[in-house]
Amino acid sequence: LLGALLTLLAAGTVAFGRVFEANGTALRLVLAATLSLALAAALERQHVLVATIASVAGLALLIGWLVYPDTTWYGLPTLETWERVAGSLEAVGRTAEAHVAPAPTLPPLFLAALSAVWASAFAVHALAVRARSPFLALLPPSALLAFAGIVMKEGARPVYVLPFLAAALAVLFCDALYRVAQWGPLTIWRGAGRLGFGSAAWTRGARRVALASMVAALFTPWILPGFTSGSFVGVGRGGTGESVTIDPIVDIRPRLLEQPDVELFTVEADRGSYWRFVALDEFNGDRWTSSNLDAERGLEVTGELPVSAVRRELADRLLRQQFQFTAAVQSWLPAAYSPVRMGVSDEAVRLDPDTGSLVLPGGTFRGLTYWVTSLEFSPEPRILDTLGSLAVPGSERYTELPGGLPTAIRALARDWVAGQPNPYRQVLAIQDRLKSEPFRYEADAPVGSGSDDILNFLLETKAGYCEQFAGTMAVMLRTLGIPARVAVGTTQGTRDEESGVWHVTGKNAHAWVEVLFPQYGWLAFEPTPGRANPTADVYQSPTFQSPDDGSSGSVSAGNQRGEVLRGKQLQLGANEVREAGTSCFANPRLCPGGPGPGVDTRAGGDDASGIWRAIGGVAVVLAILILVGIPLGKLVRRRWMLGRARLPREVVLAAYGVLVDEARDLGLGRRPGETLREYRERLERSVAFSNGHLSALTAVAGRAAYSDLEVTSEEADDAVADARQIRDDIRRSSGWLRVALGWFRLDRFSVDRATRPAELPGSRREEPVGTAAGRFGTP
Numbered sequence: 004l005l006g007a008l009l010t011l012l013a014a015g016t017v018a019f020g021r022v023f024e025a026n027g028t029a030l031r032l033v034l035a036a037t038l039s040l041a042l043a044a045a046l047e048r049q050h051v052l053v054a055t056i057a058s059v060a061g062l063a064l065l066i067g068w069l070v071y072p073d074t075t076w077y078g079l080p081t082l083e084t085w086e087r088v089a090g091s092l093e094a095v096g097r098t099a100e101a102h103v104a105p106a107p108t109l110p111p112l113f114l115a116a117l118s119a120v121w122a123s124a125f126a127v128h129a130l131a132v133r134a135r136s137p138f139l140a141l142l143p144p145s146a147l148l149a150f151a152g153i154v155m156k157e158g159a160r161p162v163y164v165l166p167f168l169a170a171a172l173a174v175l176f177c178d179a180l181y182r183v184a185q186w187g188p189l190t191i192w193r194g195a196g197r198l199g200f201g202s203a204a205w206t207r208g209a210r211r212v213a214l215a216s217m218v219a220a221l222f223t224p225w226i227l228p229g230f231t232s233g234s235f236v237g238v239g240r241g242g243t244g245e246s247v248t249i250d251p252i253v254d255i256r257p258r259l260l261e262q263p264d265v266e267l268f269t270v271e272a273d274r275g276s277y278w279r280f281v282a283l284d285e286f287n288g289d290r291w292t293s294s295n296l297d298a299e300r301g302l303e304v305t306g307e308l309p310v311s312a313v314r315r316e317l318a319d320r321l322l323r324q325q326f327q328f329t330a331a332v333q334s335w336l337p338a339a340y341s342p343v344r345m346g347v348s349d350e351a352v353r354l355d356p357d358t359g360s361l362v363l364p365g366g367t368f369r370g371l372t373y374w375v376t377s378l379e380f381s382p383e384p385r386i387l388d389t390l391g392s393l394a395v396p397g398s399e400r401y402t403e404l405p406g407g408l409p410t411a412i413r414a415l416a417r418d419w420v421a422g423q424p425n426p427y428r429q430v431l432a433i434q435d436r437l438k439s440e441p442f443r444y445e446a447d448a449p450v451g452s453g454s455d456d457i458l459n460f461l462l463e464t465k466a467g468y469c470e471q472f473a474g475t476m477a478v479m480l481r482t483l484g485i486p487a488r489v490a491v492g493t494t495q496g497t498r499d500e501e502s503g504v505w506h507v508t509g510k511n512a513h514a515w516v517e518v519l520f521p522q523y524g525w526l527a528f529e530p531t532p533g534r535a536n537p538t539a540d541v542y543q544s545p546t547f548q549s550p551d552d553g554s555s556g557s558v559s560a561g562n563q564r565g566e567v568l569r570g571k572q573l574q575l576g577a578n579e580v581r582e583a584g585t586s587c588f589a590n591p592r593l594c595p596g597g598p599g600p601g602v603d604t605r606a607g608g609d610d611a612s613g614i615w616r617a618i619g620g621v622a623v624v625l626a627i628l629i630l631v632g633i634p635l636g637k638l639v640r641r642r643w644m645l646g647r648a649r650l651p652r653e654v655v656l657a658a659y660g661v662l663v664d665e666a667r668d669l670g671l672g673r674r675p676g677e678t679l680r681e682y683r684e685r686l687e688r689s690v691a692f693s694n695g696h697l698s699a700l701t702a703v704a705g706r707a708a709y710s711d712l713e714v715t716s717e718e719a720d721d722a723v724a725d726a727r728q729i730r731d732d733i734r735r736s737s738g739w740l741r742v743a744l745g746w747f748r749l750d751r752f753s754v755d756r757a758t759r760p761a762e763l764p765g766s767r768r769e770e771p772v773g774t775a776a777g778r779f780g781t782p
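Following my numbering, the numbering of the sequence shown begins with 4 at its first residue and continues without gaps.
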């Protein structure tokens, strides 16, 4: 039955996971359902209140592990965890209203989904096993399945419905087998090495009924009128109008271009810039992604952002922006690179120091406003042209590529940069080659998601969109040992000349390349034909004099913009930023006066060491729970069993039940279906007892369980004393090591199961004689 319930939950949870964009979210929800069901099954024999409390505690731990892992202390939730949970609970309604399924895996939404799946699994077990109501047990996972079908645009899908129906029928079938088994052994299983479901006529009939039911459930809706019509009640968009989510993961597929042409946000700024969401620093051969996409290991910031001390003359100018969101719903806050100060009302923002990404954990929503002050850098080409190497401490990770990358890509990159004297010229060579004929921008170009597709783009199609151009250039630069990554955001948008506001729509979604330069940090480059970054054209399109005149590296077309304060110290003021900085705030090791190579500036420290510390912490906690919790739990349970016994009959049965439970720890427990006499004879063959205590206790326990004869208080006292002596005899015969290990032995049979023969309906009530706990002594 448990297997059928797990299959049912898995089918419903996988279907429910469709409401999220990330494929891994459904797997995490299935894991939650599995753990919840396993915990409920482990506590099946306990009181429902105990099981509920344990389930709530398990959910709390899982929320810390899966939703807010950066707030836990060795895997245990902390005060910060509960503060984040409270904030997400406040934002869940607003976030759900703003997003359209499939939605990004934002903490408020994932927290709600995780709680729903966990509670559903607990309810399924309680209804199917405790209440023996299999039909009611189908309702919680059915609700998960139906919810996904309602909010998803494509509605219900047979690929999810069919496994769910099969699992539901399996639950009903297993429950029926259980009920039949209560009448006696099933003859169709006798002598068989496995369940012979096909050997009996009644099971064949069940299969036919199940098959007919599934066929009817799958095909009947198609003949009903209005099945393919629109919904009677509109759901999924709330009352806020159309919503748009831009996926920051670049994987050589048209993610950005598929966004509708609606306004995402507006920006009040003196000049336009690329409004950057996130930087993608890892390429796995299939797509570009980020090592810290949601800034979970980042810093919680407000006001001034952390900037290392640098030479102020490197900063060219300051740009202040005021953002207001309309249709865009996501976690990432756009900003001109690199931000040094920001303000947002009543919202906690996280900063990833490595990528410079700003993340709003609760997600953006219509009407959200915030301001950002950014430093912009346009270094003169002649300065970049003097750099013989771009290698700096920590830059090796930005040149990593997966194994199996086609050698033709490396060869093509070397061919394109042949004769270029320095890395800066090599970057420009690849950028300019991609922006020139025969490469062209085409929205309908063939798509792909692997290294071979990049090679096909370079050698065959030579047509693509921003994702392909940016991802390809970054890969080619890395083959040359040049640290590069992909940035995702939007272009500047369209400016309203009257109001001075920039209107950014889905069509402005864009991806470009960033290259790491010593001291200056990450500088943007634009390989997509027809696109131009207004803040980077100084160093992206220089005009170098011919090397033949002996002045290679000089610049004939310098900076023509008057607003650039070249060679002057930029005075920002205390109200803007603590001290001027460059985009190297994203990597303080590159800045003069910054931390050295041995200092980790990330909030979470090293990823691997953090994971191992968390695993070690969890292991320590589990060891403590095993060494202390299991023996203590047994001790408390046995004391409770004895303490609740009031009548003489109950005292005898409690003493006998606790004795059986203690004997089970030593491998001498009572077997299912074994009578009291058979159990006594088996114990007498294994243990040398003294003075007939076992025979006396067995006799009075049998009378208390099955006879209408009264049990006196004196007999109850004698039974407690006999049970204590029998326990001591069994322990003496077993040895100290077996006794010690017995405290940690877990068995699916509990004290309640051992004493179940005593649970007779209509037992005559007698006057209380006190409790048995004190007379029996410490178990």
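Using N, Cα and C, we set each Cβ at its ideal position, and we do this for glycine too.
Should the region 366-382 be called in touch with the region 399-413, which here means at least 3 C-beta pairs below 8 Å?
no
From the DSSP output, in three-state form, read off Arg48 for me.
Position 45 of the sequence shown, counting from 1, holds the residue named residue 48. Arg48: coil per DSSP, three-state reduction.
Taking the continuous alpha helix (DSSP H) assigned at Gln471, which residues delimit it?
Taking the first residue of the sequence shown as 1, we reach residue 471 at position 468. Where Gln471 is concerned, the enclosing alpha helix (DSSP H) stretches over Cys469 to Thr482.
Distance between Val17 and Asp297 (C-alpha atoms, nearest Å)
Locating residue 297 in the sequence shown gives position 294, where the first residue counts as 1. Locating residue 17 in the sequence shown gives position 14, where the first residue counts as 1. Rounded to whole angstroms, Asp297 to Val17 spans 23 Å at the Cα level.
On the premise that Ala704 lies in contact with Asp721, defined as a C-beta separation below 8 Å, what is that separation, rounded to the nearest angstrom?
The sequence position of residue 721 within the sequence shown is 718, counting from 1. The sequence position of residue 704 within the sequence shown is 701, counting from 1. Going by Cβ atoms, the distance from Asp721 to Ala704 rounds to 12 Å, so no, they are not a contact pair.
For Trp643, does the count of other Cβ atoms within 10 angstroms reach 16, so buried, or fall short, so exposed?
Along the sequence shown, one-based indexing puts residue 643 at 640. Trp643 is exposed by the Cβ-count criterion.
Buried versus exposed, by CB contacts within 10 Å (16 or more), Arg481
Taking the first residue of the sequence shown as 1, we reach residue 481 at position 478. Buried.
Under 8 Å between C-beta atoms of Ala1 and Thr81
Outside the shown range of the chain (4 to 782) lies residue 1, about which nothing can therefore be said.
Please list the terminal residues of the continuous alpha helix (DSSP H) segment that includes Val352.
Counted from its first residue, the sequence shown places residue 352 at position 349. That residue, Val352, is in no alpha helix (DSSP H); its beta strand (DSSP E) goes Val352 to Asp355.
Where Gln728 falls: helix, strand or coil (DSSP)
For this step, residue 728 is matched to residue 725 along the sequence shown. Note: Gln728 maps to helix in three-state DSSP.
What are the start and end residues of the alpha helix (DSSP H) that includes Glu684?
Stepping through the sequence shown from its first residue, residue 684 is reached at position 681. Residues Leu679 to Ser689.
Go through its chain and collect everything with a Cβ distance to Asn536's Cβ below 6 Å, but skip five positions before and after it.
Stepping through the sequence shown from its first residue, residue 536 is reached at position 533. Closer than 6 Å at Cβ, skipping near neighbours: Tyr277, Ala527 and Glu529.
Find out if the Cβ-Cβ distance for the pair Val654, Val742 is shorter than 8 Å.
In the sequence shown, residue 654 corresponds to position 651, counting from 1. In the sequence shown, residue 742 corresponds to position 739, counting from 1. Cβ atoms of Val654 and Val742: not closer than 8 Å.
Presumed contact (8 Å Cβ cut-off) between Pro105 and Val70, rounded CB distance:
Reading the sequence shown from its first residue, position 102 is the one you call residue 105. Reading the sequence shown from its first residue, position 67 is the one you call residue 70. The Cβ separation is near 18 Å, so there is no contact.
Meets three-Cβ-pair contact criterion under 8 Å: the region 672-680 and the region 731-745:
no
How do the region 268-275 and the region 477-491 stand: do at least 3 beta-carbon pairs fall below 8 Å, yes or no?
no
Reduced DSSP category for Arg652 - H, G, I as helix; E, B as strand; rest coil
Walking along the sequence shown from the start, residue 652 turns up at place 649. Reduced to three states, the DSSP call for Arg652 is helix.
Distance, Gly61 Cα to Thr531 Cα:
Stepping through the sequence shown from its first residue, residue 531 is reached at position 528. Stepping through the sequence shown from its first residue, residue 61 is reached at position 58. Thr531 and Gly61: Cα-Cα distance of roughly 50 Å.
Can you list the beta strand (DSSP E) stretches of 3 or more residues lying completely in the region 92-148, in chain order?
none
What does the Cβ neighbour count give for Ser421, buried or exposed, with the cut at 16 atoms within 10 Å?
As a first step, residue 421 must be located in the sequence shown, where it is residue number 418. Note that residue 421 is Ala in the sequence shown here, rather than Ser. The residue is exposed, with fewer than 16 neighbouring Cβ atoms inside 10 Å.
For Ala173, which option in Leu147, Ala626 and Phe138 has the closest C-alpha, if you only look at C-alpha atoms?
Your numbering for residue 173 matches position 170 in the sequence shown. Comparing Cα-Cα distances from Ala173 to each of Leu147, Ala626 and Phe138, the minimum goes to Phe138.
Who are Asp499's beta bridge partners in DSSP?
Here residue 499 is taken as the residue at index 496 of the sequence shown, counted from 1. Its beta-bridge partners are Val504.
Since Arg443 sits in a beta bridge, which residues does DSSP pair it with?
Within the sequence shown, residue 443 is the residue found at index 440, counting from 1. For Arg443, which the question treats as bridged, DSSP gives the partners Ala466.
Among residues of its own chain, excluding the 5 on either side of Trp746, which ones have a beta-carbon nearer than 8 Å to its beta-carbon?
Walking along the sequence shown from the start, residue 746 turns up at place 743. Correct list, in chain order: Ile633, Pro634, Lys637 and Asp668.
Cut-off 6 Å between Cβ atoms - residues of its own chain near Pro166, not counting five sequence neighbours on either side:
For the purposes of this step, residue 166 is taken as the residue at position 163 of the sequence shown. Excluding residues within five positions, the ones whose Cβ falls inside 6 Å are Ala14.
Measuring straight from C-alpha to C-alpha, what distance separates Val395 and Glu517?
As a working note, residue 395 is residue 392 in the sequence shown. As a working note, residue 517 is residue 514 in the sequence shown. In a straight line, the C-alpha of Val395 is about 15 Å away from that of Glu517.
Comparing C-alpha positions only, which one of Pro521, Leu112 and Ala126 sits nearest to Asp388?
Here residue 388 corresponds to residue number 385 of the sequence shown, with the count starting at 1. Checking every option, the nearest Cα to that of Asp388 belongs to Pro521.
Are Phe326 and Val270 closer than 8 Å when you measure CB to CB?
Here residue 326 refers to the residue found at position 323 when the sequence shown is read from its first residue. Here residue 270 refers to the residue found at position 267 when the sequence shown is read from its first residue. Yes, Cβ-Cβ distance for Phe326 and Val270 is below 8 Å.
For the beta strand (DSSP E) that contains Ser377, what are its first and last residues?
Stepping through the sequence shown from its first residue, residue 377 is reached at position 374. Start and end: Thr372 to Glu379.
Tell me, please, whether the region 424-433 touches the region 455-469 by the rule of three or more beta-carbon pairs shorter than 8 Å.
no
Does Ala134 pass the burial test, meaning 16 or more other C-beta atoms within 10 Å, or should it be called exposed?
Counting from one through the sequence shown, the residue named residue 134 turns up at place 131. Exposed: under 16 other Cβ atoms inside 10 Å.
Measuring only the C-alpha atoms, how far is Arg641 from Val663?
Within the sequence shown, numbered from 1, the residue matching residue 641 stands at position 638. Within the sequence shown, numbered from 1, the residue matching residue 663 stands at position 660. Cα to Cα, Arg641 sits roughly 11 Å from Val663.
Using the Cβ count rule (16 or more neighbours within 10 Å means buried), how would you classify His696?
Residue 696 sits at position 693 when you count from the first residue of the sequence shown. Buried: at least 16 other Cβ atoms inside 10 Å.
Does DSSP put Arg734 in a helix, in a strand, or in coil?
Numbered from its first residue, the sequence shown carries residue 734 at position 731. Correct three-state label for Arg734: helix.
Is the Cβ-Cβ distance between Ala432 and Glu470 less than 8 Å?
The residue given as residue 432 occupies position 429 in the sequence shown. The residue given as residue 470 occupies position 467 in the sequence shown. For Ala432 and Glu470, no; Cβs fall outside 8 Å.
Looking at the strands, I want to know which residues DSSP matches up with His513.
Along the sequence shown, one-based indexing puts residue 513 at 510. His513 is bridged to Gly492.
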